[in-house]
Structure formats: structure tokens, C-alpha cells
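Going line by line, the protein sequences match chains A and B. Residue 334 is where the first sequence starts when you use the numbering used here, and the numbers rise one by one after that. Residue 1071 is where the second sequence starts when you use the numbering used here, and the numbers rise one by one after that. This report refers to the structure that appears directly beneath it.
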Amino acid sequence: MNGKTETKELIGFLARLAVAGVFIYAGLLKALAPAEEFGYAIESYGVLNSQLSLWSAYIVPWLEIYAGLLLAAGVFTRLSALFTGAMLIFFEVMLGQAWLRKLPVTSCGCFGSSGGNSLTREFLQNLIFLALAWAAFKYGGRWSADKAVETL
Amino acid sequence: MIDRKTARLLTLAGMIVFVSTIAVLLARQFNLGPVRPAPDFRTFGPPTAPVQIYEYTDFACPACRHAAVKIDEMMKIYGPGLRVSFKHYPLMNIHPWSLHAAAYADCAGAQGKFKEYAGLLFENQGTWAQSKEKPKDFEIYAARLKLDWPEMQACADAPETVKRLKLDIAEADMKGVNATPTFFINGKRAVGGGQLVDQARKFDNLLGRAAKQ
């Protein structure tokens, strides 16, 4: 294995851990708070009604935790990275449409309801996470459960 | 047919999902989530107080009335050692006007008189709590405290007020609160005034030291 490949794999591994960490953290903050809190945040995007927002608020934090943990452990690494990437794209669409429609979103709900960045800042931040998810997808296979299982 | 490698990975994924689910549910049960602060008008005592009490209360509950007296006594005794935040947990199935009372108390708080309005609600529980029709008492108490009643009515119906109450209730449900008053004293649960005093005694050193400063 040459040095260039090794560097790429190291970057992929670190990107995998970074995206996983963000997902686990964001999911935990929401899963340990009342779902209604995140539900109100989702409702403010003006896409789902209150009932569907609440259901989404029950489900999304768990998906974030599971996706983050699977990605961190490197279980089905490419699939997990793809899934987190898809979630990030979905979040970007939600943020983008709220920004374009100039909706009064006071808390994006991304990391629970207590902390609230501007929509633009969250959008840009998610772009960085998306780039990291891509790196994890492409080069994140090193030190993963996928590899460990192969050698067993 | 699933190959051996995929089967192992699926087993591992299942284990991760199972263990993380249990861990998060336990963390919820043990109240390990971030603390959602109560509004300033429902919070009493310095932010740096070593003992922080969150009380889930219902204005129509007699035990909450007794506990309110105990809390007042404790605040007098321990002063800067104690910070108390009130959260609403109206038991609407047995107290039909509790939610209204909570909303009006918050709106009195917005006009700077939460504690006084709450005091009147507790004091006169017997007259409004089991009323068949919407009690006039809420307006009478507002007048007694020289509060702007039309503003209070508008505030009580405002989505922001309703949202705040619903979040208090949802948070209490998530923490497994099912009786009032329930207290969390530096995270430790106590139900009723008796348990409150017992739990608070465990923090005697902290409270005493802060009171002396």
C-alpha cells in the first residue's frame, strides 16, 4: 500500500468518525429531550403538519443514533455513509426551502432545541458534513467492522 | 442466501441497535438528558446555587399546596444555596381547570407576578379547582394583584404559552413523572413534601456552606 492511499484511508477513517460523532451527538440530544420539542422545530419548516412532525420527531433521533453508531463501528460502512449522506441532503433541502421561503424558523432543531444557529450557518455546516460523509463513503473502510469480519 | 460475512455484520448491527436503544432508554429514565430551563419568572434563587430543585406542580393539587409552603421555608433557611424552578404538570384528568390555572400563572409571571398569582391559586384551591364551569376566580385574582386581565387572556391563548405548557408536560412524561408534586433535587427524584425534605437533607453540607457565605 503506497503512502497516498494510506493518507486517503486515514482521512476517510477520520471523516467517518467525525460524521458518526455528529450524528450520535445530535441524535442523543434529541432522544433525551421530549419529542414535542423537536416536533415543534420540524413544524416550523412548514412542510409537515403537527401530527406528522411529531411522528418524525419520534423517529429521526433514533435513526441518527443508529446510523452514527453503525458508521463509527464501520458496519456496512458504505451503506451507513450513504444513509447519513442521504439524511444530510434531506436536511439541506428542508433548510434551503425554509430559507428561500423566509420562514421564521427560530430553532432549526438540528442539535436539540436549545442551541440555534442561523439557517445559513446550519446549511453551510451541513455542506461540510456532507463532504465528510462522501470521504467516509469513498475511503472510510479502514479499521472497520467490515474489514475485521473479513479477516475472521 | 446470506453469506457468512453479511450474517456476522447483520448480527453486529442488531447488537449495536439493541444495546444503544436500551442505553438511551435508561438514560431517559435516570434523567440524564439536558435540563430544559424554566422561564425566568418561574425560577427563584441564584444561578450559582449548589442545590437546584425542579418542581413539577399542579395548582389544583393539595399536596402541591403543602409543598409550596415547604419550598418557601427552605428558600428562607438556605437562601443563596438553593435555586428552585417550577414546571407545570397539570393533571387534567382529575383537575379540569389546572391547565388554565397554569397558563394564567405564566401570564401573570409575564407581568412580573408569578409567585403572587401562584400563591392565590394555591390558597383558594377549594373554590376554583372543582368548578363545573370556567371559574371567575382567575380574573378576580388578576384584579386583586392589579394585573392587566385582557392581556392575560390574550397571553393564555397565545401559541407560545400553550407550547411552553405542552413542553413541560411532555418533559415530565418523559422523565416518568406521574404524580405531583415531583421534585428533582440535583437530579435526584422526590415525590411529595416528605421526600423533598429527606432528599434535601442529603445536600445539607452544600446548603449550609452556601448559606454561611
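C-beta atoms are modelled at their ideal positions from N, C-alpha and C, and glycine is treated no differently.
Chain A contact residues for residue i, given Cβ-Cβ distances below 7 Å
| i | result |
| --- | --- |
| Ala1097 (chain B) | Leu365 |
| Met1244 (chain B) | Pro367 |
| Pro1104 (chain B) | Leu362, Leu365, Ala366, Gly445 and Ser447 |
| Leu1237 (chain B) | Pro367, Glu369 and Glu370 |
Partner residues on chain B for residue i, Cβ-Cβ distance less than 8 Å
| i | result |
| --- | --- |
| Phe409 (chain A) | Leu1079 and Ala1083 |
Per-residue contacts from residue i into chain A (C-beta, under 9 Å)
| i | result |
| --- | --- |
| Ser1155 (chain B) | None at all; the shortest Cβ gap to chain A is about 15 Å. |
| Val1094 (chain B) | Gly360, Leu361, Ala364, Leu365, Pro394, Trp395 and Ile398 |
Min CB distance residue i to chain B below 8 Å
| i | result |
| --- | --- |
| Glu397 (chain A) | no |
| Leu421 (chain A) | no |
| Ala478 (chain A) | yes |
| Tyr373 (chain A) | yes |
| Ala406 (chain A) | yes |
| Ala482 (chain A) | Looking at the sequence provided, one finds Val at residue 482 (chain A) rather than Ala. Taking Cβ atoms only, chain B reaches closer than 8 Å to Val482 (chain A), which makes this a yes. |
Any chain A beta carbon closer than 8 Å to residue i
| i | result |
| --- | --- |
| Lys1258 (chain B) | no |
| Ser1168 (chain B) | no |
| Ala1240 (chain B) | yes |
| Ser1090 (chain B) | yes |
| Lys1233 (chain B) | yes |
| Lys1075 (chain B) | yes |
Bridge partners - residue i, DSSP secondary structure assignment
| i | result |
| --- | --- |
| Tyr1126 (chain B) | B:Lys1157 and B:Thr1252 |
| Ala1260 (chain B) | B:Phe1253 |
| Cys443 (chain A) | A:Gly445 |
| Phe1114 (chain B) | B:Val1154 |
| Val1121 (chain B) | B:Leu1152 |
Nearest to residue i (by Cα), restricted to the options the options
| i | options | result |
| --- | --- | --- |
| Leu1152 (chain B) | B:Tyr1124, B:Pro1166, B:Met1162 and B:Gly1179 | B:Tyr1124 |
| Ala374 (chain A) | A:Glu397, A:Phe444, A:Ala466 and A:Lys480 | A:Phe444 |
| Leu1235 (chain B) | A:Tyr358, A:Ile357, A:Trp432 and A:Glu370 | A:Glu370 |
| Thr1231 (chain B) | B:Ile1141, B:Cys1177, B:Trp1167 and B:Lys1216 | B:Cys1177 |
| Ile1159 (chain B) | B:Leu1190, B:Pro1116, B:Gly1263 and B:Gly1246 | The sequence given here places Tyr at residue 1159 (chain B); Ile does not occur at that position. For Tyr1159 (chain B), the nearest C-alpha among the options comes from B:Gly1246. |
| Ser389 (chain A) | A:Arg411, A:Phe423 and A:Ser413 | A:Phe423 |
| Gly1149 (chain B) | B:Gln1122, B:Ala1226, B:Lys1157 and B:Gly1264 | B:Gln1122 |
| Glu1203 (chain B) | B:Ala1213, B:Ile1141, B:Asn1194 and B:Trp1167 | B:Trp1167 |
| Leu421 (chain A) | A:Leu362, A:Lys363 and A:Asn459 | A:Asn459 |
Residue i: contacting residues in chain E (beta-carbon distance under 7 Å)
| i | result |
| --- | --- |
| Val1087 (chain B) | This model lacks chain E altogether; the protein chains it does include are A and B. |
Neighbouring residues, chain B, relative to residue i (Cβ below 7 Å)
| i | result |
| --- | --- |
| Leu489 (chain A) | Outside the shown range of chain A (334 to 485) lies residue 489 (chain A), about which nothing can therefore be said. |
Inspect the CB distances between the segment 1247-1267 of chain B and the segment 379-387 of chain A and report whether three or more fall short of 8 Å. no
Hey, is the segment 1088-1101 of chain B in contact with the segment 1119-1139 of chain B, meaning 3+ C-beta pairs nearer than 8 Å? no
Answer yes if the segment 393-407 of chain A comes into contact with the segment 353-361 of chain A, meaning at least three C-beta pairs across the two stretches below 8 Å, and no otherwise. yes
Any contact between the segment 1265-1281 of chain B and the segment 1205-1219 of chain B? By contact I mean 3 or more CB pairs, one from each, below 8 Å. no
Should the segment 407-415 of chain A be regarded as contacting the segment 461-478 of chain A, the criterion being three or more beta carbon pairs within less than 8 Å? yes
Does the segment 1161-1174 of chain B come close enough to the segment 1191-1205 of chain B that 3 or more CB-CB pairs lie under 8 Å? yes
Pair every Cβ in the segment 1102-1112 of chain B with every Cβ in the segment 360-367 of chain A, then say whether three or more of these pairs are closer than 8 Å. yes
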